[in-house]
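Visitor: One line per chain: the protein sequences are A and B, in this order.
Quick note: the first sequence, position 147, residue 147 per this note's numbering, numbers continuous.
Quick note: the second sequence, position 16, residue 220 per this note's numbering, numbers continuous.
For glycine and all other residues, C-beta sits at the position ideal for the given N, C-alpha and C.
Take this structure first; my questions come after.
2 protein chains.
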Amino acid sequence: MANRVVTIGRQCGSGGHTIGKLVAQRLGVDFYDKKIVELTAAKTKLSPDFIRSHGEYFHGGAIGHIIGYGTRFGSGALKTGSALTDQLQQAQSEILLEAAAKGPCVIVGRCADCVLAGKADTLNVFIHSEMSFKIERSIAEHGLEREKAASILARRDKARAQHYRFYTDQRWGDARHYDLCLDSGRLGVESCVALIAEAYRCMG
Amino acid sequence: MANRVVTIGRQCGSGGHTIGKLVAQRLGVDFYDKKIVELTAAKTKLSPDFIRSHGEYFHGGAIGHIIGYGTRFGSGALKTGSALTDQLQQAQSEILLEAAAKGPCVIVGRCADCVLAGKADTLNVFIHSEMSFKIERSIAEHGLEREKAASILARRDKARAQHYRFYTDQRWGDARHYDLCLDSGRLGVESCVALIAEAYRCMG
Numbered sequence: 001m002a003n004r005v006v007t008i009g010r011q012c013g014s015g016g017h018t019i020g021k022l023v024a025q026r027l028g029v030d031f032y033d034k035k036i037v038e039l040t041a042a043k044t045k046l047s048p049d050f051i052r053s054h055g056e057y058f059h060g061g062a063i064g065h066i067i068g069y070g071t072r073f074g075s076g077a078l079k080t081g082s083a084l085t086d087q088l089q090q091a092q093s094e095i096l097l098e099a100a101a102k103g104p105c106v107i108v109g110r111c112a113d114c115v116l117a118g119k120a121d122t123l124n125v126f127i128h129s130e131m132s133f134k135i136e137r138s139i140a141e142h143g144l145e146r147e148k149a150a151s152i153l154a155r156r157d158k159a160r161a162q163h164y165r166f167y168t169d170q171r172w173g174d175a176r177h178y179d180l181c182l183d184s185g186r187l188g189v190e191s192c193v194a195l196i197a198e199a200y201r202c203m204g
Numbered sequence: 205m206a207n208r209v210v211t212i213g214r215q216c217g218s219g220g221h222t223i224g225k226l227v228a229q230r231l232g233v234d235f236y237d238k239k240i241v242e243l244t245a246a247k248t249k250l251s252p253d254f255i256r257s258h259g260e261y262f263h264g265g266a267i268g269h270i271i272g273y274g275t276r277f278g279s280g281a282l283k284t285g286s287a288l289t290d291q292l293q294q295a296q297s298e299i300l301l302e303a304a305a306k307g308p309c310v311i312v313g314r315c316a317d318c319v320l321a322g323k324a325d326t327l328n329v330f331i332h333s334e335m336s337f338k339i340e341r342s343i344a345e346h347g348l349e350r351e352k353a354a355s356i357l358a359r360r361d362k363a364r365a366q367h368y369r370f371y372t373d374q375r376w377g378d379a380r381h382y383d384l385c386l387d388s389g390r391l392g393v394e395s396c397v398a399l400i401a402e403a404y405r406c407m408g
């Protein structure tokens, strides 16, 4: 399992970030989530705010997402968006490839499953759960207002799904694109960590 | 975990039947797959051939699948198909409910996740894998001709997906409808069994 990368796609509020962090701790490997924002900012000079807001989210009005269609990450070429979103996507992809080349690690989000397809040994995971679980977690962990939580989480997931679809030509959350998909609400965060670590070992 | 039911949706050739059987053995619980055909035949007097060919597969030309739309299993009512397919669906659903009431078990296919939703404590699993893995398994296990295997498997999965969609209003293989989804080709059949058994224990 030299340099195997665990990629974690996740619904907002499902605990994917926490699960990824705990998996990295358990496996004793590097963890990339918010760190990707810093690395991308250093590489591109784009602002961290822009990277956070556009690095994983489709923006309906953003011209970057409605101009042109190219090919998938897997074929080595990016889709054609606006100059800025393309630059961001390209930089993030380079950072993920550098991370994978450096050593085994856990990467959360950023279409890492597709960016690394054919270029690294990956265990691709998707974490999801029922809205009620995500609402409670988001209130407890991020202080979301209860009244607004459901609509905020749904909007963010929609933007993530559209971003993923645009850049990968795949359906976000379709089990067939992942090695392992887990309902964190039903199984529990700790059990998800254990199951991912077990799957990592299973792959030899 | 009194009477917990493991439901297994699976792509053709992915090893879902074998995995289900091994999970049942490991947990020491009853196993329902082909047995459902016998039980349904006894209950309905429909022929085993008809049950096998219509119990999980949508038939494009079958009037039963194009007449009328009702409500989902979850709400307690069946969709309205033809008299025969409705009778089959109703009988299969009753058998699944009786099986779940009888004791903990593993049930393969038959939209069991939706039939039992809200009526039993379930661990809902979906098994899938790449076509190359499914082809090799189908040749080895069922003697499919190599030249025809890919098209036969794809056609069967399409029919299963349409049947599932028609009777559940859900997308077959969408991770968000299952507790656990596994790529049996990537993880291996034995590891899938171990991960399902572990998830079963995790749920307490």
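For Ala379 (chain B), which residues in chain A fall below 8 angstroms Cβ to Cβ?
Guide: In the second sequence, the residue the question calls residue 379 (chain B) occupies position 175. Simply Phe126, His128, Gly173, Asp174, Ala175, Tyr178, Cys181.
Visitor: Tell me whether Arg4 (chain A) is buried or exposed, calling it buried when 16 or more other Cβ atoms sit within 10 Å of its Cβ.
Guide: In the first sequence, counting from the first residue as 1, residue 4 (chain A) sits at position 4. Flag for Arg4 (chain A) reads buried.
Visitor: Identify the continuous alpha helix (DSSP H) that holds Ala371 (chain B) and give its terminal residues.
Guide: The sequence position of residue 371 (chain B) within the second sequence is 167, counting from 1. Per the sequence presented here, residue 371 (chain B) reads as Tyr, with Ala not at that position. 350-372 is the span of the alpha helix (DSSP H), which, as asked, contains Tyr371 (chain B).
Visitor: If you measure from the beta carbon of Gly278 (chain B) to each beta carbon in chain A, is any gap under 8 angstroms?
Guide: Along the second sequence, read from residue 1 onward, the residue named residue 278 (chain B) stands at position 74. Bear in mind that the predicted position of Gly278 (chain B) carries a pLDDT of just 42, short of 50, making it too unreliable to give a figure here.
Visitor: If contact is defined by three or more beta carbon pairs under 8 angstroms, each pair taking one atom from either stretch, is the stretch 149-158 of chain A in contact with the stretch 87-106 of chain A?
Guide: Cβ pair count under 8 angstroms is below three, so no.
Visitor: Kindly indicate which three-state DSSP category Cys12 (chain A) falls into: helix, strand or coil?
Guide: Taking the first residue of the first sequence as 1, we reach residue 12 (chain A) at position 12. Coil.
Visitor: What would DSSP say about Phe126 (chain A), mapped onto helix, strand or coil?
Guide: Position 126 of the first sequence, counted from the start, is the residue given in the question as residue 126 (chain A). Strand.
Visitor: What does the Cβ neighbour count give for Ser138 (chain A), buried or exposed, with the cut at 16 atoms within 10 Å?
Guide: Taking the first residue of the first sequence as position 1, residue 138 (chain A) is located at position 138. Per the 10 Å Cβ criterion, buried.
Visitor: I need the straight-line Cα distance from Val319 (chain B) to Asp237 (chain B), nearest angstrom please.
Guide: By 1-based counting over the second sequence, the position of residue 319 (chain B) is 115. By 1-based counting over the second sequence, the position of residue 237 (chain B) is 33. When rounded, the distance between both Cα atoms is 15 angstroms.
Visitor: Pop quiz: Ala41 (chain A) and Ile51 (chain A) are said to be a contact at Cβ under 8 angstroms. What is the actual Cβ separation, rounded to whole angstroms?
Guide: Stepping through the first sequence from its first residue, residue 41 (chain A) is reached at position 41. Stepping through the first sequence from its first residue, residue 51 (chain A) is reached at position 51. Yes, they are in contact, since the Cβ atoms of Ala41 (chain A) and Ile51 (chain A) sit about 6 angstroms apart, within 8 angstroms.
Visitor: Is it right to say Asp325 (chain B) is buried, meaning 16 or more other beta carbons lie within 10 angstroms of its own, or is it exposed?
Guide: Residue mapping note: residue 325 (chain B) aligns to position 121 of the second sequence, counting from 1. Classification for Asp325 (chain B): exposed.
Visitor: Please decide whether Gly438 (chain B) counts as near chain A, where near means a Cβ-Cβ distance under 8 angstroms.
Guide: An answer regarding residue 438 (chain B) cannot be provided, because it is not within the stretch 205 to 408 covered by chain B.
Visitor: Can you pull the chain A residues whose beta carbon is under 9 angstroms from the beta carbon of Met407 (chain B), in chain order?
Guide: Taking the first residue of the second sequence as position 1, residue 407 (chain B) is located at position 203. By Cβ distance, chain A contributes Arg186, Leu187, Gly188, Ser191.
Visitor: For Arg230 (chain B), which residues in the same chain have their Cβ closer than 7 angstroms to its Cβ, ignoring the five residues on either side in sequence?
Guide: In the second sequence, the residue the question calls residue 230 (chain B) occupies position 26. Once the five neighbours on either side are set aside, the close Cβ partners of Arg230 (chain B) are Val397, Ala401.
Visitor: Taking only beta-carbon atoms, is Gly265 (chain B) less than 8 angstroms away from chain A?
Guide: Start at 1 with the first residue of the second sequence, and residue 265 (chain B) comes out as number 61. Residue placement at Gly265 (chain B) cannot be trusted, given a pLDDT of 48 that sits under 50; the coordinates are not used to answer.
Visitor: List, in order along the chain, the chain A residues whose C-beta lies closer than 9 angstroms to that of Glu402 (chain B)?
Guide: For the purposes of this step, residue 402 (chain B) is identified with residue 198 of the second sequence, where counting begins at 1. Ordered by position in chain A, the residues that pass the 9 angstroms Cβ test against Glu402 (chain B) are Ser191, Ala194, Leu195, Glu198.
Visitor: Starting from Ile107 (chain A), follow its DSSP beta bridges and name the residues at the other end.
Guide: On the first sequence, residue 107 (chain A) is found 107 positions in, with the first residue counted as 1. DSSP lists A:Thr7, A:Tyr32 as partners of Ile107 (chain A).
Visitor: Which residues in the same chain have their Cβ closer than 6 angstroms to the Cβ of Glu130 (chain A), if we skip the five residues on either side of it in sequence?
Guide: Numbered from 1 along the first sequence, position 130 holds the residue referred to as residue 130 (chain A). Gly185, listed in sequence order.
Visitor: Which first and last residues belong to the beta strand (DSSP E) in which His387 (chain B) is found?
Guide: Taking the second sequence and counting its residues from 1, one reaches residue 387 (chain B) at position 183. The sequence as given places Asp at residue 387 (chain B); His does not occur at that position. Residues 384-387.
Visitor: Helix, strand or coil for Asp378 (chain B), going by three-state DSSP, please let me know.
Guide: As a working note, residue 378 (chain B) is residue 174 in the second sequence. The answer is strand: DSSP assigns Asp378 (chain B) an E or B state.
Visitor: Can the beta-carbon of Gln293 (chain B) be found less than 8 angstroms from the beta-carbon of Ile240 (chain B)?
Guide: For this step, residue 293 (chain B) is matched to residue 89 along the second sequence. For this step, residue 240 (chain B) is matched to residue 36 along the second sequence. Contact flag unset, no.
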